[in-house]
Amino acid sequence: MRRAGPAVLAVLVAAAGLVGCSDDAAPQARSEPRPSAETTRPAPTDGVDGGDGVGDPYFPQAGNSGYQVERYDLVMDVRIAGPDRLDATATITLVPTEDLRSFHLDLLGFEVSKVTVDDADATFARDGREMVVTPERQLSEGDTTTVVVTYSGSPGRTGSSSPTGGLIGDGGWVDLGDDWSTVIAEPIGAATWFPSNDHPSDKAIVNVTATVPAGLEAVAGGRLVERTDAADRSTFRWEAAEPMSPYLASLTVGDMQLSEKDGPAGIRILDGVPARRPELLDGALSRFPEMITFFTERFGPYPFRDAGNVIVPGLEPVALETQTRSVHSESILEPALGTLPDEVTAHELTHQWFGDAVGPADWSMIWLNEGFATYGEWLWLEHIGGRTVMESARAAHDGDPDLNVPPAAPGVGQLFGRTVYQRGGMFLVELGRLLGQPTFDQLLTTWVDQHRFGVATTEQFVALAVEMAGPDKGAQVTALADAWLHAERIPELTP
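Numbering of the sequence shown is given in our numbering, commencing with residue 935 and proceeding in unit increments.
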């Protein structure tokens, strides 16, 4: 994610900061569910109650224990005006990881009218963002289970449930006026628009079918597989091919012009821009296919079937790497050029490898997203003849006291502080210098290959770097990581 800070608002170049990571209390990456048991197996009678969190050190109640989600199928009727903006049904396919008497879902606001579990009515209770569901029959570990939640109301933001402040932290569904809405859900805003296991460690397919007033478009992640137009409503069905963390799911509704084209290596690119500004398709987004090719050469194959961008008016200066199709506010366009700052476009695209394909095991490890994305934007600037990677690192390093916070332990109040972005990126620059560029490039591609569509930890990344460095440099890698990721005072860059 990129979020413009005060200086950026003046020059429309930079963005706000990032996060850090800790190896403590990290939830385990999801494992493959067991095959479903025979349907004749009796329901357990001694199950447990699922928990209301997964042990995240920064957001203890984020996510839920006792199950893993395989798929969300969201059907939504979106209205632009009135007290109830959304009528929706969420069909959630999940697999219990233990015998369950009850389980939690994350959902903030809304009126829930009905919950069924495997076609039988279930009871439910609400407490803030927690919804406790008690099925008619206890759930068996390993059995595929279908939960259907019917709900309505007006989606909003996470508000006081998130201590980080600003749109990022007070994120979720954002109504923008003039028939526009979008979703900026990092870190725990998925619950503002659909019931979910709202933690990055539980990845699942997210399919969205949205019905909106005629004349508007609805854009989500994945691929548009069907569109139906009626006299007063249009329905768009989007299907994802790859699992995602809940905060990376998206839905933007507005008066858009859509453009679809073939990209590199068979990737399908779909972009959406305000209908009043169709020139952005050939301006702000014109170099996007070239960027995909460039980063593929550095990071390995683009991880997804689909790609693209959505430009949204009325949104504060921010960009978010929603999976396959990043969301950018129109306000970060360069007024003189009518183009997205290359740093921002490159940053969000890099996230498709680092943050989306490979996610953080918990929110303390977000430097694994943002440090890599910062490094990616520096690579792109060098590629197009701008500052070298080292020049970008030095410009970020010099005279910034906010960088004297360890990226691996920034604290929740610095979840989006500059140290995670800039200092995390500098660590990667220094690691590349130590390993040599060929080995470092191999490290990045191996990292994505090993953890694609899963989550990982700082400890795992450093261990892989030590392994690839070999016995002669392994200890140096460990010392470098300690100094750049864990020490309070920022080290000096190598001359």
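Just so you know, even glycine gets a beta-carbon here, dropped at the ideal spot from N, CA and C.
So within the stretch 1213–1251, which uninterrupted alpha helix (DSSP H) runs reach at least 4 residues, ignoring any that extend past its ends?
Within the stretch 1213–1251, the complete alpha helix (DSSP H) runs of at least 4 residues are 1222–1233.
If you draw a straight line from the alpha carbon of N1131 to that of T1092, how long is it in whole angstroms?
Looking at the two C-alpha atoms, the distance is approximately 15 Å.
Restricting to Cα atoms, I'd like to know which of V1029, I1203, Q1376, M935 is closest to K1137.
Among V1029, I1203, Q1376, M935, the Cα nearest to that of K1137 is on V1029.
Classify I1318 as buried or exposed, calling it buried when 16 or more other Cβ atoms lie within 10 Å of its own Cβ.
Classification of I1318: exposed, given that the 10 Å Cβ count is below 16.
Run through DSSP, which three-state label would N1338 get?
Note: N1338 maps to coil in three-state DSSP.
Mind checking who T1308 pairs with in its DSSP beta bridge?
In the DSSP output, where bridge partners are listed per residue, T1308 has none listed.
Hey, how far is the Cα of D983 from the Cα of I1300?
In a straight line, the C-alpha of D983 is about 30 Å away from that of I1300.
Going by the CB atoms, is the gap between T1116 and T1186 shorter than 7 Å?
Contact flag set, yes.
In three-state terms, what does DSSP make of R1328?
The answer is helix: DSSP assigns R1328 an H, G or I state.
In angstroms with no decimal places, state the Cα-to-Cα distance between A1403 and F1395.
Cα to Cα, the separation comes out at about 12 Å.
Give the C-beta separation of L1124 and P1180 to the nearest angstrom, bearing in mind that I take them to be a contact with Cβ-Cβ under 8 Å.
Correcting the residue type first, residue 1124 is Ala in the shown sequence and not Leu. Yes, A1124 and P1180 are in contact; Cβ-Cβ is about 4 Å, under 8 Å.
Between D1052 and A1209, what straight-line distance do the alpha-carbon atoms span, to the nearest angstrom?
Taking the straight line joining both Cα atoms gives about 43 Å.
From E1393 to D1021, what distance separates their C-alpha atoms?
C-alpha separation (whole angstroms): 43 Å.
If we ignore side chains and look at the alpha-carbon of each, how far apart do L1398 and W1381 end up?
Using only the alpha carbons, I get a separation of about 8 Å.
Once DSSP output is grouped into helix, strand and coil, what is the label at V1278?
V1278: helix per DSSP, three-state reduction.
Taking the beta carbon of G1351 as the centre, do at least 16 other beta carbons fall within 10 Å, making it buried, or is it exposed?
Buried.
Please go through the stretch 971–1039 and give each complete beta strand (DSSP E) segment of 3 or more residues, from N-terminal end onward.
Fully enclosed beta strand (DSSP E) runs of 3 or longer: 1001–1012, 1020–1030.
Restricting to Cα atoms, I'd like to know which of G1289, T1050, V1346, H1385 is closest to T1308.
Here the closest residue by C-alpha is G1289.
Check H1133 in the structure and name its three-state DSSP category.
Coil at H1133, not helix or strand.
Could you compute how far the alpha carbon of I1118 sits from the alpha carbon of W1172?
C-alpha separation (whole angstroms): 18 Å.
Quick check: what's the CA-CA separation for G1217 versus F1058?
Straight-line Cα distance between these residues: approximately 50 Å.
For G1188, is the classification buried or exposed, using 16 other Cβ atoms within 10 angstroms of its Cβ as the cut-off for buried?
Answer is buried; the Cβ neighbour count reaches 16.
Which residues in the same chain as E1120 place their Cβ atom closer than 7 Å to its Cβ, once the five residues preceding and following it in sequence are excluded?
Result list for E1120: M935, I1102, G1105, Y1181, L1254, in chain order.
Using 8 Å for Cβ pairs, my map puts L1315 next to E1268. What's the rounded Cβ distance?
Incorrect: roughly 14 Å between the Cβ atoms, too far for contact.
Quick check: A1241 and I1266, are their CB atoms within less than 7 Å of each other?
Going by C-beta atoms, A1241 is not nearer than 7 Å to I1266.
What residues are listed by DSSP as bridge partners for V1066?
The partner list for V1066 (beta bridge, DSSP) reads H1038, A1059.
Considering only the alpha carbon of each residue, which of G1197, L1249, R1423 lies closest to M1225?
Minimum Cα distance to M1225 is reached at G1197.
Please say whether Y1236 and T1227 have beta carbons closer to each other than 7 Å?
Result no, Cβ atoms of T1227 and Y1236 do not sit closer than 7 Å.
My guess is that P1340 and A1421 are in contact by the Cβ rule of under 8 Å, so how many angstroms apart are they, rounded?
Going by Cβ atoms, the distance from P1340 to A1421 rounds to 6 Å, so yes, they are a contact pair.
Got a sec? Which residues, its chain only, sit under 6 Å from K1048 by beta carbon, not counting five neighbours each side?
Cβ neighbours of K1048 beyond the five flanking positions: T1084.
Sort out for me which residues DSSP pairs I1139 with in a bridge.
I1139 is bridged to R1005.
Contact check, F1233 vs G1305 under 8 Å by CB: the rounded distance?
Wrong, their Cβ atoms sit about 14 Å apart, outside the cutoff.
For L1039 versus F1128, is the C-beta spacing smaller than 7 Å?
The answer is no: Cβ separation not under 7 Å.
So if DSSP puts F1361 in a beta bridge, which residue, or which two residues, is it bridged to?
DSSP output for F1361 lists no bridge partner at all.
Note down, in chain order, each residue of its chain lying with its Cβ closer than 8 Å to the Cβ of A1417, except the 5 sequence neighbours on either side.
Hits under 8 Å: P1425.
Give the straight-line distance between the Cα atoms of E1264 and F1222, rounded to the nearest whole angstrom.
Each residue's alpha carbon lies about 16 Å from the other.
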